[in-house]
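**Student:** The following block contains the structure, expressed as structure tokens.
Number of protein chains: 6
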Amino acid sequence: DFLRALEEVHPLFGVSEEDLDRCVEGGIFHFSSHIERILKNGHDFIEQVRSGDTPLLSVLLHGPTGSGKTALAARIAMDSEFPFIRLVRPVDMVGMNEIQKIQHLQKAFTDAYKSPLNVLVLDNIELIVDWVPVGPRFSSAVLAAIKGLMTNKPPKGRPLLILATTSERTVMNQLQLVFKAQIAVPNVRTQQELAHIMQESGAFDQEGISRAIGDIENTLESREIGVGVAQVLLSIQTAMQDQDRAGRFAEVMCEAVANAQSV
Amino acid sequence: DFLRALEEVHPLFGVSEEDLDRCVEGGIFHFSSHIERILKNGHDFIEQVRSGDTPLLSVLLHGPTGSGKTALAARIAMDSEFPFIRLVRPVDMVGMNEIQKIQHLQKAFTDAYKSPLNVLVLDNIELIVDWVPVGPRFSSAVLAAIKGLMTNKPPKGRPLLILATTSERTVMNQLQLVFKAQIAVPNVRTQQELAHIMQESGAFDQEGISRAIGDIENTLESREIGVGVAQVLLSIQTAMQDQDRAGRFAEVMCEAVANAQSV
Amino acid sequence: DFLRALEEVHPLFGVSEEDLDRCVEGGIFHFSSHIERILKNGHDFIEQVRSGDTPLLSVLLHGPTGSGKTALAARIAMDSEFPFIRLVRPVDMVGMNEIQKIQHLQKAFTDAYKSPLNVLVLDNIELIVDWVPVGPRFSSAVLAAIKGLMTNKPPKGRPLLILATTSERTVMNQLQLVFKAQIAVPNVRTQQELAHIMQESGAFDQEGISRAIGDIENTLESREIGVGVAQVLLSIQTAMQDQDRAGRFAEVMCEAVANAQSV
Amino acid sequence: DFLRALEEVHPLFGVSEEDLDRCVEGGIFHFSSHIERILKNGHDFIEQVRSGDTPLLSVLLHGPTGSGKTALAARIAMDSEFPFIRLVRPVDMVGMNEIQKIQHLQKAFTDAYKSPLNVLVLDNIELIVDWVPVGPRFSSAVLAAIKGLMTNKPPKGRPLLILATTSERTVMNQLQLVFKAQIAVPNVRTQQELAHIMQESGAFDQEGISRAIGDIENTLESREIGVGVAQVLLSIQTAMQDQDRAGRFAEVMCEAVANAQSV
Amino acid sequence: DFLRALEEVHPLFGVSEEDLDRCVEGGIFHFSSHIERILKNGHDFIEQVRSGDTPLLSVLLHGPTGSGKTALAARIAMDSEFPFIRLVRPVDMVGMNEIQKIQHLQKAFTDAYKSPLNVLVLDNIELIVDWVPVGPRFSSAVLAAIKGLMTNKPPKGRPLLILATTSERTVMNQLQLVFKAQIAVPNVRTQQELAHIMQESGAFDQEGISRAIGDIENTLESREIGVGVAQVLLSIQTAMQDQDRAGRFAEVMCEAVANAQSV
Amino acid sequence: DFLRALEEVHPLFGVSEEDLDRCVEGGIFHFSSHIERILKNGHDFIEQVRSGDTPLLSVLLHGPTGSGKTALAARIAMDSEFPFIRLVRPVDMVGMNEIQKIQHLQKAFTDAYKSPLNVLVLDNIELIVDWVPVGPRFSSAVLAAIKGLMTNKPPKGRPLLILATTSERTVMNQLQLVFKAQIAVPNVRTQQELAHIMQESGAFDQEGISRAIGDIENTLESREIGVGVAQVLLSIQTAMQDQDRAGRFAEVMCEAVANAQSV
Ligand SMILES: Nc1ncnc2c1ncn2[C@@H]1O[C@H](COP(=O)(O)OP(=O)(O)OP(=O)(O)O)[C@@H](O)[C@H]1O
Ligand SMILES: Nc1ncnc2c1ncn2[C@@H]1O[C@H](COP(=O)(O)OP(=O)(O)OP(=O)(O)O)[C@@H](O)[C@H]1O
Ligand SMILES: Nc1ncnc2c1ncn2[C@@H]1O[C@H](COP(=O)(O)OP(=O)(O)OP(=O)(O)O)[C@@H](O)[C@H]1O
Ligand SMILES: Nc1ncnc2c1ncn2[C@@H]1O[C@H](COP(=O)(O)OP(=O)(O)OP(=O)(O)O)[C@@H](O)[C@H]1O
Ligand SMILES: Nc1ncnc2c1ncn2[C@@H]1O[C@H](COP(=O)(O)OP(=O)(O)OP(=O)(O)O)[C@@H](O)[C@H]1O
Ligand SMILES: Nc1ncnc2c1ncn2[C@@H]1O[C@H](COP(=O)(O)OP(=O)(O)OP(=O)(O)O)[C@@H](O)[C@H]1O
Ligand SMILES: [Mg+2]
Ligand SMILES: [Mg+2]
Ligand SMILES: [Mg+2]
Ligand SMILES: [Mg+2]
Ligand SMILES: [Mg+2]
Ligand SMILES: [Mg+2]
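Residue numbers (the working numbering), protein chains in the order written: chain A, -13 to 249; chain B, -13 to 249; chain C, -13 to 249; chain D, -13 to 249; chain E, -13 to 249; chain F, -13 to 249.
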């Protein structure tokens, strides 16, 4: 029966809780209404798969570096409480040759084919296919494998949701890696959003927040931020080594903005 | 004698019913007169091969992503009731190297050479040759094998119909992969066609259909649809998770149209 | 003595009659004076080699797809009645790696070096070197082998005629694959030529011929045909599945003309 | 406990003192306020990692050839007195194939995962990935490995600071090799800075310094220097073989400036 | 002593008389003063090497296809009567991989290092390095080997003359394959030269010669010939199969001229 | 002690006197003041390394083909009388694969690390990395090895001078193969320089020298020579086979000048 199957499956190839947990170690700050919308959309896709009408659904979370794609995909996956959740990351395949990578991917999918409800998170999918813009280069064998696996209908009664993340959405189009649905994950864009994060971090008082945001506006001569939430959180940590937290935070953020624009 | 040979052949390498069935799981909706014409043409090619005059005939079904090429090719093949029908898909060759892929293809053809009437469906033939537009890249060894096999006359009395599908017709020309005949499979293009599908799906009442189509026209500021039937059916499934089916369907369809145009 | 040598040679590596026969299965229709001229030239080259003055002669038959190159080369080779005739086709080398292909070619040549009079037919030589215009790609090792073998004088008293076919004559120039003589094989070009073939096929009466040709002229708005004889013969077979043979033939021919022009 | 773990770790894969020492054999001359700032920033990153808030931090030291990147990275690393410090240099991987290089890198990281506080210096990271601008060429496998390893969170309680050096900062962007922070290391730019180094070297008296700098300005018709500190120190050594140290130094420096500009 | 050394060497790796003979099977027709000059220059290089002053001399014979490069190089080599003469041809290396080709070349050179006077003929050196203009492609390993071997001074008292032939002189420059001296081998250019060859062939009487040359001039509307001597001799053989030798010769020559110009 | 170490080292991997000797077989003609300057600079670099201040110094001798780079590098190396001198030439690596080449280079360097004073001559370094301008192509693995080895500080007390030669200085920049110092080796440029060499060769009397130089000026309509000393010496040898030495010398030199300019 369902419960027994679930139990059997779990210990063998179930959720690697720890890995997923670490993806959201920094928490999810609700600094913008986009965050709500993303989690809601993700939840709906989970329900569509759970309903059994759609045996196979692939969704792409795309956005700039550090915008929170991995954390959000992990959150959505964990909130599903599906019996099979697996995270596939480029680092897990370091040192593998093309054949070994393909076998690693095949195993992730065939494991999923054994459980009654499944989520696969393919993190940084452009790196899974070894994409480098210089050349450009990529592994066409791994790409072909992913295309095949991502369009292969699972056995009856084994619906599968694929959540992929990428900071290279146009590359997906160029490589003709097609997803059934897409979710955009934006940067921290406005001063209000930035203030929200600073507040929630607990590292600044109100005055510090105002001063830092003022400094940033003065230095950049713009109200636009345009930096990923991950970089904001790191900047807070760097600033905390300094006496003048707010001042140092403004400095580090300005460098981060400049860097993000120069890339 | 004929019947015995047929029987012998069947169990060994005959129709993989299940795989073919799954290709038309969503059914064939007759939303446009094109569908009729395509099935009729397919039937005629079947008869030409059955007649024995033409020992080898290759036909290309081409059209946009999700327009229904695979479902139609599977339908035509199954309707022939030929003793040997085989489906060759890219996913079956995931993880194979070039030599193994070529052997897989060779086996499909030489199996066909043993039965009195044969259909081979080569699904997504551009992916069978590992085509990627970036580069572009492809497997010239597999391509050469397909060229050789597709022009090789079967033994006397073993006529063979090859049905290939592709969403990359111009790539076929560039690769000089030549077919004796071609069948175009179009997108869902008009509001009438879309309404037909919504109706046939049983998910909407008349009012919902009108409202959704009105919404789509308003959002896109166009009466053109231009989305594959597969995407339409998926959009219906997504919409069914929502209270406001018609409204949600219009939303999802608009995203699908936008996506289809951006690619 | 000569006759004994011939006998010895024959069973080991002599004419593969069946393969050659199948190349002219559709017969040779004398629909134009070019056909006569081509066969005459071929015959003269046979005689030049038979005379012993020219120990090595390479001739290229070039022309559009389906224009009849292979059938004519096979006809010329078989009419020579030389003790050693061999056909080398791309499909015979499917699945071979470069080294195996080269050995296959070497064997064909060294076999020829043992018989007193020899013809080698290298069919679709651009595919033997794995030419693909995308890239372009080709096997430089196989190309180098062919260059070496095609210019290597046979042992004394073992004259050799090489008949190569290609639909890619300019590629031969680009690859610096040099032939001592060349024969052009044209398409079916005029209405008269087309009528001749329809007549000889026995599938149409005079009225049907006139009507079909009239239909074609009306549809294409041109008197030019420009399709290979092979495609014409296939179109006749397709038309024969239909009640209205002449009408259907006109339709299929128009598609064929359009296809030929779009490539 | 902490100290014991430290002791255990040290002998196995601890600081290779000698290698690091040799990187700063020429000492660190404080010829400009930039040097102070660089060492201060480096120290702050060390503290951020030591604090435990930031389990993984990657910093890029970038600047022209011979500007002192390696010496400064080694200085920062040694000043941390972390129990695990390792230097990874291109020369250590000469003769390794891609797999061996990746294993070498993996070992450096997994060794780091065992010690409570860690610094890895990746020297000339563009050469570690075998970057050559002609082509351009690089090892995408090694690059992928570095990307994976550099973003892989160490086990809890094993924070890691990665200090990478490069003279090809824009290449890092092109290869999408992303660092959390960056430190610029400039050339010797002004006459004052050059005078400072000449003075500190002890090889010139005041008159010699003035004369040499005058000569250089006259020859180059500019007050700009624009040469790395390493080249300045080498030029002093070359000049010391000559009777007229100051004169010879000016000559060699002018060649160095010309060379640096021509590249 | 000299004679004994010569005897010892000869049987092991001496002149392959037969191969060289076959290169001049068609004889050397003195149809132009260039032929004299080429043979004289070749003779002088032989003497320079024989004198012992120049231990290593590399000479390139370059000219259009069929202009007689190989025949002339073979003639010069055979006329030297050096104890070691070796012909290295692309066909001898068909089916070898790069390493085997390099070993084949190394053996030719090291064999030469054992004999007191040596000539190596490297025929069609652009094909020895597998040059194909499409790409372009070539074997850089074989090229490197030839560069090394061609500039390597033989042991004292083992002078070596290298005669290389090519129809791709500019390719030699592009590949930086450097020769110490060069000899140009021209086509048959004028009507007088052509008449000379027709005469010497013994296949035409005076009237036939005049008529053929007149025909050619009329057809081509030019007095320029521009075809290699090899093609002229082959055209004579083709013409000899015909009743009207002169007329047929003119025809075949005109095709040859057209072909030569189209390449 | 020093002397014993020297003795031990010498027999194992010391100076290969013969190879170095052969590089200067033609002697060093002091036809221009540049020659003096080059030898002086080379001597100074030797002293700088001998002094022990500079443990590692890499110097590039660059100039046109045949300008005398190898002879001068060999001269400088031999004049040092260092206990370890080694010549690394492309021809020594013919037939080696990349790994073997890298091991060959590594051995040269590690051998040097054992002796108290060392010179390595890397002859034609662009060919050691298999550079070919067509493509361009080169061995990035060998290049990476050389970069690593050339910047690797030898063990204390084992100073090393690297003398590299190349006719492709700009290629060194493109490949980012960096040298600490550079020496330009020019062609024979003026009539005076040419006359000096003719004189010193002992092959011409004063009248012959004047006549030849006059002839050259008349033919080329220029006083510029622009040919390497190696080609001049070879031209003298060719001329010596002729009765009219001066006249023939002028002829051959003119061809050499033309060739040098056409490349
Ligand atoms: N609203 C949020 N959305 C996502 N992440 C958030 C949010 N608030 C805080 N975080 C934290 O920010 C970090 C986001 O980093 P994450 O690695 O998910 O970004 P990413 O877009 O996947 O980056 P990359 O492009 O490098 O893969 C995580 O530590 C997460 O816990
Ligand atoms: N008239 C129709 N023609 C084709 N398919 C239809 C039709 N009506 C409904 N369908 C359903 O639509 C889906 C078409 O998807 P299918 O995979 O065949 O498209 P495709 O063109 O092969 O897509 P892809 O480009 O991804 O290969 C199938 O589920 C099929 O059952
Ligand atoms: N006059 C003719 N010349 C050549 N073939 C003819 C002629 N008349 C009828 N045929 C038939 O037409 C067909 C020609 O096809 P064939 O394969 O020889 O063409 P092809 O030019 O070699 O094609 P491809 O370019 O595909 O290699 C054969 O079946 C042959 O029997
Ligand atoms: N202020 C300084 N900063 C850095 N190095 C200094 C300084 N003062 C003196 N030095 C010495 O200068 C040399 C700098 O060379 P180093 O190899 O570190 O430069 P680099 O930028 O790493 O060069 P490369 O681009 O070749 O890797 C060292 O020998 C160092 O001891
Ligand atoms: N004056 C001549 N010079 C050279 N060859 C001549 C001459 N007269 C007659 N011949 C004959 O012409 C033929 C020249 O062919 P050969 O193969 O030497 O030309 P090639 O330039 O080497 O051709 P390819 O470019 O194909 O290598 C030979 O058969 C030779 O005997
Ligand atoms: N002043 C000189 N400098 C160098 N070589 C000289 C000089 N005078 C005479 N020679 C002789 O000239 C020849 C120079 O040839 P060398 O091979 O050294 O030139 P190269 O520049 O190394 O040539 P390549 O570019 O082919 O490597 C040698 O034989 C050498 O003995
Ligand atoms: Mg991520
Ligand atoms: Mg499909
Ligand atoms: Mg053919
Ligand atoms: Mg450095
Ligand atoms: Mg030749
Ligand atoms: Mg040299």
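Beta carbons: idealized from backbone N, C-alpha and C, even for Gly.
Verify whether the separation of the beta carbon atoms of residue 266 (chain F) and residue 73 (chain F) is less than 8 angstroms.
**Tutor:** Coverage of chain F is limited to positions -13 through 249, which leaves residue 266 (chain F) absent and any answer about it impossible.
**Student:** Is there a Cβ from chain G that is less than 8 angstroms from the Cβ of residue 8 (chain C)?
**Tutor:** Absent from the structure is chain G; the protein chains it does hold are A, B, C, D, E and F.
**Student:** In this structure, does DSSP put residue 25 (chain A) in helix, strand or coil?
**Tutor:** In the first sequence, counting from the first residue as 1, residue 25 (chain A) sits at position 39. Note: residue 25 (chain A) maps to helix in three-state DSSP.
**Student:** Taking 7 angstroms as the limit between beta carbons, can you name the residues of its chain near residue 181 (chain D), skipping five residues before and five after?
**Tutor:** In the fourth sequence, the residue the question calls residue 181 (chain D) occupies position 195. Within the same chain, residue 181 (chain D) has close Cβ partners 195, 199.
**Student:** Check the DSSP bridge columns for residue 170 (chain E) and list the partner residues they point to.
**Tutor:** Counting from 1 along the fifth sequence, the entry for residue 170 (chain E) is found at position 184. In the DSSP output, where bridge partners are listed per residue, residue 170 (chain E) has E:48.
**Student:** Around the C-beta of residue 295 (chain B), are 16 or more other C-beta atoms found within 10 angstroms, so that it is buried, or is it exposed?
**Tutor:** Examination of residue 295 (chain B) is not possible in this model, given that chain B is present from -13 through 249 alone.
**Student:** Would you say residue 220 (chain C) lies against chain B (beta-carbon separation less than 8 angstroms)?
**Tutor:** Numbered from its first residue, the third sequence carries residue 220 (chain C) at position 234. Interface residue, yes.
**Student:** What are the residues that DSSP puts in a beta bridge with residue 75 (chain C)?
**Tutor:** Numbered from its first residue, the third sequence carries residue 75 (chain C) at position 89. Answer is none; residue 75 (chain C) lacks a bridge partner.
**Student:** Sorry if obvious, but does the Cβ on residue 151 (chain C) come closer than 7 angstroms to a heavy atom of ligand 3?
**Tutor:** As a working mapping, residue 151 (chain C) is identified with position 165 in the third sequence. Answer for residue 151 (chain C): yes, Cβ within range of ligand 3.
**Student:** Report yes if the C-beta of residue 57 (chain D) is less than 7 angstroms from at least one heavy atom of ligand 4; otherwise report no.
**Tutor:** Taking the first residue of the fourth sequence as 1, we reach residue 57 (chain D) at position 71. For ligand 4, at least one heavy atom lies less than 7 angstroms from the Cβ of residue 57 (chain D).
**Student:** Can you tell me whether residue 244 (chain E) is buried or exposed, with buried defined as 16 or more other CB within 10 angstroms of its CB?
**Tutor:** For the purposes of this step, residue 244 (chain E) is identified with residue 258 of the fifth sequence, where counting begins at 1. It is exposed - the Cβ of residue 244 (chain E) has fewer than 16 other Cβ atoms within 10 Å.
**Student:** Would residue 156 (chain C) pass as a contact of residue 109 (chain C) if the rule is Cβ separation under 8 angstroms?
**Tutor:** For the purposes of this step, residue 156 (chain C) is identified with residue 170 of the third sequence, where counting begins at 1. For the purposes of this step, residue 109 (chain C) is identified with residue 123 of the third sequence, where counting begins at 1. For residue 156 (chain C) and residue 109 (chain C), no; Cβs fall outside 8 angstroms.
**Student:** Could you work out which residues of chain B lie near residue 215 (chain C), taking near to mean beta carbons separated by less than 8 angstroms?
**Tutor:** Stepping through the third sequence from its first residue, residue 215 (chain C) is reached at position 229. Ordered by position in chain B, no residue passes the 8 angstroms Cβ test against residue 215 (chain C), which lies about 14 angstroms from the chain.
**Student:** If you measure between the beta carbons of residue 69 (chain C) and residue 101 (chain C), is that distance less than 8 angstroms?
**Tutor:** The sequence position of residue 69 (chain C) within the third sequence is 83, counting from 1. The sequence position of residue 101 (chain C) within the third sequence is 115, counting from 1. Yes; because the gap between Cβ atoms is below 8 angstroms, this pair is in contact.
**Student:** Can you tell me the Cα-Cα spacing of residue 48 (chain C) and residue 249 (chain C), whole angstroms?
**Tutor:** Counted from its first residue, the third sequence places residue 48 (chain C) at position 62. Counted from its first residue, the third sequence places residue 249 (chain C) at position 263. Near 17 angstroms, if we compare the C-alpha coordinates of residue 249 (chain C) and residue 48 (chain C).
**Student:** For residue 59 (chain F), which residues from the same chain have a beta carbon less than 6 angstroms from its beta carbon, with the 5 sequence-adjacent residues on both sides left out?
**Tutor:** Looking up residue 59 (chain F) in the sixth sequence gives position 73. Cβ neighbours of residue 59 (chain F) beyond the five flanking positions: 47, 107, 149, 151.
**Student:** What is the C-beta distance between residue 166 (chain D) and residue 220 (chain A), in whole angstroms, given that I count them as a contact (C-beta under 8 angstroms)?
**Tutor:** For the purposes of this step, residue 166 (chain D) is taken as residue 180 along the fourth sequence, with counting starting at 1. For the purposes of this step, residue 220 (chain A) is taken as residue 234 along the first sequence, with counting starting at 1. Indeed, because the Cβ distance is near 6 angstroms, the residues count as touching under 8 angstroms.
**Student:** Quick one: what's got a C-beta closer than 8 angstroms to residue 159 (chain F)'s C-beta in the same chain, skipping five residues either side?
**Tutor:** Translated into the one-based positions of the sixth sequence, residue 159 (chain F) becomes position 173. So the list is empty, once near-sequence residues are dropped.
**Student:** Once DSSP output is grouped into helix, strand and coil, what is the label at residue 205 (chain B)?
**Tutor:** Against the second sequence, residue 205 (chain B) aligns to sequence position 219. Here residue 205 (chain B) sits in helix by DSSP.
**Student:** Taking residue 249 (chain F) as part of the beta strand (DSSP E), name the residues at either end of that continuous run.
**Tutor:** Residue numbering aside, residue 249 (chain F) sits at position 263 when the sixth sequence is read from its first letter. It is not in any beta strand (DSSP E) - residue 249 (chain F) carries neither H nor E in the DSSP assignment.
**Student:** Among all the DSSP beta bridges, which residues are the ones paired with residue 106 (chain A)?
**Tutor:** Reading the first sequence from its first residue, position 120 is the one you call residue 106 (chain A). Residue 106 (chain A) is bridged to A:72, A:148.
**Student:** Using a Cβ-based criterion (distance less than 7 angstroms to any ligand heavy atom), does residue 213 (chain B) qualify as near ligand 2?
**Tutor:** Within the second sequence, residue 213 (chain B) is the residue found at index 227, counting from 1. Not so, every heavy atom of ligand 2 lies at least 7 angstroms from the Cβ.
**Student:** Would you list the one or two residues that DSSP bridges to residue 118 (chain D)?
**Tutor:** Counting from one through the fourth sequence, the residue named residue 118 (chain D) turns up at place 132. Paired residue(s): D:123.
**Student:** Does residue 152 (chain B) have its Cβ less than 8 angstroms from a Cβ in chain A?
**Tutor:** Translated into the one-based positions of the second sequence, residue 152 (chain B) becomes position 166. So no, residue 152 (chain B) is outside the interface.
**Student:** Are the region 161 to 176 of chain B and the region 208 to 220 of chain B touching, with three or more C-beta to C-beta distances below 8 angstroms?
**Tutor:** Counting Cβ pairs under 8 angstroms, three or more are found: they touch.
**Student:** Is it buried or exposed for residue 237 (chain A), if we count other Cβ within 10 angstroms and need 16 for buried?
**Tutor:** Within the first sequence, the letter at position 251 stands for residue 237 (chain A). Classification for residue 237 (chain A): buried.
**Student:** Excluding the 5 residues flanking residue 9 (chain A) on each side, which residues of the same chain have their C-beta closer than 7 angstroms to its C-beta?
**Tutor:** If you number the first sequence from 1, residue 9 (chain A) lands on position 23. Around residue 9 (chain A): 56, 57, 60.
**Student:** Can you grab the Cα-Cα spacing for the pair residue 12 (chain E) / residue 145 (chain C), in whole Å?
**Tutor:** Numbered from its first residue, the fifth sequence carries residue 12 (chain E) at position 26. Numbered from its first residue, the third sequence carries residue 145 (chain C) at position 159. Using only the alpha carbons, I get a separation of about 16 angstroms.
**Student:** For residue 204 (chain D), does the count of other Cβ atoms within 10 angstroms reach 16, so buried, or fall short, so exposed?
**Tutor:** Taking the first residue of the fourth sequence as position 1, residue 204 (chain D) is located at position 218. Flag for residue 204 (chain D) reads exposed.
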